[in-house]
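*Asks:* Those protein sequences? They're chains A and S, same order as listed.
Residues 0 to 245 in numbering that gives the first Met the number 0 are what the first sequence lists, from first letter to last.
Residues 0 to 181 in numbering that gives the first Met the number 0 are what the second sequence lists, from first letter to last.
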Amino acid sequence: MKLLFLGCSYTAGCELRDREKYRFSTLVGKKLNAEVVNLARDGNSNHAIARKFLEQDLDQYDMVFVQMTRKSRTEWHDEEGKSLKAKILAKMNIETFDEYWNSKTPDSRAKIEYYEIEKAKFFARAERELKNIKFASEEDKWDRILTSKLRFMATDNLVDGKEWWERYYDEIYSDKYGESDEFLFYWLMKNKLIEKGIRNLFFTIEPKTDLPFDLRVDHPKYPRERFSHPNKIGHIMIARDIMRLL
Amino acid sequence: MKIFSNGSSFASGKYPEYLAKMLNADLTNIAMPGYSNRSVWRTTTMRKDETKYDLAIIQLTSKSRTEYFDGKHWVEISVQLSHERLGEKRKLWKHWYENMYTDQYGDCEENFAIEGLRGHFAVRKIPCIIVTTDKYTKSNKFDMNLFDIDFPMDKTNHPTDFGHRMIAKTLYNHYETIISRV
Numbered sequence: 000m001k002l003l004f005l006g007c008s009y010t011a012g013c014e015l016r017d018r019e020k021y022r023f024s025t026l027v028g029k030k031l032n033a034e035v036v037n038l039a040r041d042g043n044s045n046h047a048i049a050r051k052f053l054e055q056d057l058d059q060y061d062m063v064f065v066q067m068t069r070k071s072r073t074e075w076h077d078e079e080g081k082s083l084k085a086k087i088l089a090k091m092n093i094e095t096f097d098e099y100w101n102s103k104t105p106d107s108r109a110k111i112e113y114y115e116i117e118k119a120k121f122f123a124r125a126e127r128e129l130k131n132i133k134f135a136s137e138e139d140k141w142d143r144i145l146t147s148k149l150r151f152m153a154t155d156n157l158v159d160g161k162e163w164w165e166r167y168y169d170e171i172y173s174d175k176y177g178e179s180d181e182f183l184f185y186w187l188m189k190n191k192l193i194e195k196g197i198r199n200l201f202f203t204i205e206p207k208t209d210l211p212f213d214l215r216v217d218h219p220k221y222p223r224e225r226f227s228h229p230n231k232i233g234h235i236m237i238a239r240d241i242m243r244l245l
Numbered sequence: 000m001k002i003f004s005n006g007s008s009f010a011s012g013k014y015p016e017y018l019a020k021m022l023n024a025d026l027t028n029i030a031m032p033g034y035s036n037r038s039v040w041r042t043t044t045m046r047k048d049e050t051k052y053d054l055a056i057i058q059l060t061s062k063s064r065t066e067y068f069d070g071k072h073w074v075e076i077s078v079q080l081s082h083e084r085l086g087e088k089r090k091l092w093k094h095w096y097e098n099m100y101t102d103q104y105g106d107c108e109e110n111f112a113i114e115g116l117r118g119h120f121a122v123r124k125i126p127c128i129i130v131t132t133d134k135y136t137k138s139n140k141f142d143m144n145l146f147d148i149d150f151p152m153d154k155t156n157h158p159t160d161f162g163h164r165m166i167a168k169t170l171y172n173h174y175e176t177i178i179s180r181v
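1) Determine, using beta carbons only, whether residue 26 of chain S comes closer than 7 angstroms to chain A.
2) Going by other Cβ atoms of all chains shown within 10 Å of its Cβ, with 16 needed for buried, is residue 234 of chain A buried or exposed?
3) Residue 128 of chain A to residue 218 of chain A, Cα distance in whole Å?
4) Looking at C-alpha atoms only, which residue of S:53, S:60, S:173 is the closest neighbour of residue 38 of chain S?
5) To the nearest angstrom, report how far apart residue 66 of chain A and residue 176 of chain S are at their CA atoms.
6) Would you kindly check if the distance between the Cβ of residue 241 of chain A and the Cβ of residue 221 of chain A is under 7 angstroms?
7) Throw me the rounded Cβ distance for the residue 36 of chain S and residue 109 of chain S pair, which I believe falls under 8 angstroms.
8) Of all the CB atoms in chain S, is at least one closer than 7 angstroms to the CB of residue 193 of chain A?
9) Determine which residues share a DSSP beta bridge with residue 155 of chain S and list them.
10) Is there a C-beta anywhere in chain A that falls below 7 angstroms from the one on residue 79 of chain S?
11) What separation, rounded to the nearest whole angstrom, lies between the Cα atoms of residue 71 of chain A and residue 145 of chain A?
12) Can you say whether residue 19 of chain A is buried or exposed, counting buried as having 16 or more other CB atoms within 10 angstroms of its CB?
13) What residues of chain S sit near residue 89 of chain A, judged by a beta carbon separation below 7 angstroms?
14) Is there a C-beta anywhere in chain C that falls below 7 angstroms from the one on residue 164 of chain A?
15) Please report whether the beta-carbon of residue 94 of chain S lies at a distance below 7 angstroms from any beta-carbon of chain A.
16) Which whole runs of the beta strand (DSSP E) in the region 25-86 of chain A are 3 residues long or more, in chain order?
17) Are residue 167 of chain S and residue 18 of chain S touching if we call contact CB-CB under 7 angstroms?
18) Taking Cβ to Cβ, would you say residue 74 of chain A is nearer than 7 angstroms to residue 46 of chain A?
19) If contacts are defined as beta-carbon pairs under 8 angstroms, then residue 188 of chain A and residue 49 of chain A qualify, I think. What distance do you get, rounded to the angstrom?
20) Does DSSP put residue 77 of chain S in a helix, a strand or coil?
21) What is the rounded straight-line gap between the Cα of residue 112 of chain S and the Cα of residue 100 of chain A?
22) Give the residues from the region 5-35 of chain S that approach chain A closer than 8 angstroms (Cβ to any Cβ), ordered along the chain.
23) Could you tell me whether the region 69-82 of chain S touches the region 146-157 of chain S, where touching means 3 or more Cβ pairs closer than 8 angstroms?
24) Output, in sequence order along the chain, the residues in the region 98-122 of chain S whose CB is closer than 7 angstroms to any CB in chain A.
25) Report the residue from S:122, S:117, S:123 whose alpha carbon sits nearest the alpha carbon of residue 142 of chain S.
26) Which bits of chain A does residue 70 of chain S rub up against, with CB to CB less than 9 angstroms?
27) Measuring straight from C-alpha to C-alpha, what distance separates residue 8 of chain A and residue 11 of chain S?
28) So which of A:105, A:159, A:163 has the shortest CA-CA distance to residue 100 of chain S?
29) Name, in chain order, the residues that DSSP records as bridge partners for residue 141 of chain A.
30) Pick helix, strand or coil for residue 1 of chain A, following the three-state DSSP scheme.
31) Please state if the CB of residue 55 of chain S and the CB of residue 127 of chain S are separated by a distance shorter than 7 angstroms.
So, in structure tokens, the structure goes:
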């Protein structure tokens with residue numbers, strides 16, 4: 000038996016110490032004694048999820064699990080790779096470091112000298128990333144755009160001094176567009192799976208949706224890590240709820 | 000027999016009507032000039048219409064076109080940036096096409112529309128013919144590229160009335176072949 004999982008950071012296992020071992024896709028695979036292919040990626044949009052979905056040979060899978068995400072997210076194809084550099088530069092500031100620092104445990108933060116060490120490490124890591132920018136694959140050219148932080152919209156495409164994507168969300172994007180985007184991608188994937196007779200479940204983390212999702216993987220009953228992703232117990236609970244749905 | 004048609008300016012011309020006459024069918028045609036592939040996909044699949052059509056004929060268009068909702072209306076965007084509602088946003092879309100849009104993005108959007116529409120009709124068991132007017136498409140998922148037909152065009156580069164009759168005739172001649180495939 001072979002299972003396919005698609006989604007964003009929730010399905011990728013973001014914030015888990017050992018993602019591949021503890022994420023819910025692995026746990027479901029173990030319970031079903033099945034091979035698991037997990038193509039989820041942090042920051043994925045529904046656009047990216049549907050694109051990856053269409054790239055797969057679906058006939059090899061017995062079940063497909065699609066976790067859809069916030070409808071405002073999107074992606075674009077960054078041929079020149081300007082956005083990679085722009086995103087690293089955008090996070091090289093003290094506010095972003097403080098955000099990172101606040102994600103540490105209170106015990107770690109209590110040691111004042113530790114703050115300086117972590118700060119140095121943080122900026123050194125960003126400097127290294129900046130020096131070593133390269134596309135590992137065609138997939139890397141798809142730049143993920145999220146609205147949760149301005150730095151996630153940085154692409155070095157400035158119009159009148161303002162980032163293009165900031166202006167897009169200010170002046171062009173609307174909830175109605177997001178709703179249609181979500182509807183189109185949901186039914187594109189759902190209809191394809193129905194047509195092929197492949198068993199499937201659809202999950203979401205979008206709070207405002209009218210679509211018939213099977214499970215909300217961001218439900219508050221699932222315990223979370225600092226950046227709101229499910230923790231190890233959360234993943235166990237999600238896996239258990241998925242098994243109940245099967 | 001009932002036929003559903005959608006598409007951009009080509010399909011909002013006469014060929015769907017001529018084809019419907021040839022097949023002695025009732026036609027529902029919701030095509031609009033300027034529609035993008037996303038508009039065609041959206042207006043087809045979000046339409047509340049439970050009619051059991053016997054055939055759907057969809058005409059997709061240039062893959063670089065897109066759309067957005069301005070709070071009141073859906074606004075069609077094409078590289079000409081000619082939509083009257085664009086206003087101040089023309090500058091943003093100009094930047095998009097000049098600096099950010101790529102063929103890979105367009106190919107991806109085109110593929111979404113084809114697959115989304117095919118799936119929509121497949122689960123409803125409605126035979127579907129999807130043609131395109133994108134001369135340079137790389138997709139092999141279309142049943143026909145209308146520009147493969149050597150039809151006469153008017154000053155606006157659209158088929159003349161005779162051209163629409165030629166398109167309808169070609170679609171009619173291909174009907175059985177295409178239907179046996181879908």
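All C-beta atoms, glycine included, are put in the ideal place defined by N, C-alpha and C.
All of these numbers come straight from a predicted model, not from anything done at the bench.
*Replies:* With the structure as the only source:
1) Chain A places no beta carbon closer than 7 angstroms to that of residue 26 of chain S, leaving this residue out of the contacts.
2) By the beta-carbon neighbour count (other beta carbons within 10 angstroms, threshold 16), residue 234 of chain A is buried.
3) The straight-line gap from Cα to Cα measures roughly 34 angstroms.
4) When the alpha-carbon of residue 38 of chain S is set against those of S:53, S:60, S:173, the nearest one is in S:60.
5) Residue 66 of chain A and residue 176 of chain S: Cα-Cα distance of roughly 39 angstroms.
6) Contact flag unset, no.
7) Right, the Cβ-Cβ distance comes to about 6 angstroms (below 8 angstroms), so this counts as a contact.
8) Taking Cβ atoms only, chain S reaches closer than 7 angstroms to residue 193 of chain A, which makes this a yes.
9) The bridge partners DSSP lists for residue 155 of chain S come to none.
10) Among the residues facing chain A, residue 79 of chain S is not included, as its CB has no counterpart in that chain under 7 angstroms away.
11) Looking at the two C-alpha atoms, the distance is approximately 7 angstroms.
12) Here residue 19 of chain A is exposed, its C-beta having fewer than 16 other C-beta atoms within 10 Å.
13) What residue 89 of chain A touches in chain S: nothing, since even the nearest Cβ is about 17 angstroms away.
14) In the structure shown, chain C does not exist; the protein chains are A and S.
15) Yes - at least one Cβ of chain A is within 7 angstroms of the one on residue 94 of chain S.
16) Correct list: 34-37, 62-67, 73-76.
17) Taking 7 angstroms as the Cβ cut-off, residue 167 of chain S and residue 18 of chain S qualify as a contacting pair.
18) The answer is yes: Cβ separation under 7 angstroms.
19) Taking the Cβ atoms as the reference, residue 188 of chain A lies roughly 6 angstroms from residue 49 of chain A, within the contact range of under 8 angstroms.
20) Residue 77 of chain S: coil per DSSP, three-state reduction.
21) Distance between the alpha carbons of residue 112 of chain S and residue 100 of chain A is about 44 angstroms.
22) Within the region 5-35 of chain S, not one residue has a Cβ closer than 8 angstroms to any Cβ of chain A.
23) At 8 angstroms Cβ cutoff, the stretches do not touch.
24) Those would be 98, 99, 101, 103, 104, 107, 110, 111, 114, 115, 118, 119, 121, 122, in chain order.
25) The shortest Cα separation from residue 142 of chain S among S:122, S:117, S:123 belongs to S:117.
26) Within 9 angstroms Cβ-Cβ: 173, 175.
27) Using only the alpha carbons, I get a separation of about 43 angstroms.
28) The shortest Cα separation from residue 100 of chain S among A:105, A:159, A:163 belongs to A:163.
29) DSSP lists A:76 as partners of residue 141 of chain A.
30) Here residue 1 of chain A sits in strand by DSSP.
31) It is a contact, given that the beta carbons lie within the stated cut-off.
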